[in-house]
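Mapping of the sequence shown onto the working numbering: residues 67 to 202, in sequence order. Where a beta carbon is used, it is the ideal one built from N, C-alpha and C, also for glycine. Since the structure comes first, as structure tokens, the remarks are kept for the end.
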Amino acid sequence: MSLALAIIALLVSIASLGFGIYQYRILDRVRRGEKSNNLLRIAYELQKRSEELRHKIGCTDDAPECEQLHTGVNEAADAIFAMVASSKGLSWTELNDMETRFLSLEQEVGLLYKQVTELSRFNEEVREYEKSQRRE
């Protein structure tokens, strides 16, 4: 009788372990899917921010060019779109590498946007000062 209970307990433990592994695999796929969706959202927002920066540079005098940065953002976004669309599942390494690349580009775009905004503000102050000097 105790041997039968031990065998049943062992089978239940093995089944429980198998179910736990199954749940882990499912949860891992879900998390990778969420990470992929998050990267797609970041890529879209980064492209949008890059276009805003490009427009702001076009409207600002003496602003540095950002074509190389804009091209890099578009290439990175196209790469993540293609990887997600063509693959059933990306590895964690690929996802983390893309996230690192996007975070770097996001910081670069943000910094350049702040510089262009400050340059635009400075140019506006210079114009106001020149107008006040002409009046006198």
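- Residue L112 holds the alpha-carbon nearest to the alpha-carbon of A143 among V96, Q199, R200, L112.
- Annotated three-state conformation of S153 is coil, per DSSP.
- One Cα belongs to R115, the other to R91, and the distance between them is close to 36 Å.
- Nearest Cα to K122 within the set D94, H136, S198, S186: S186.
- The criterion of a C-beta distance shorter than 7 Å is satisfied by R98 and G155.
- Between the beta-carbon of L135 and that of E174 there is about 6 Å, and that keeps the pair under the 8 Å contact cut.
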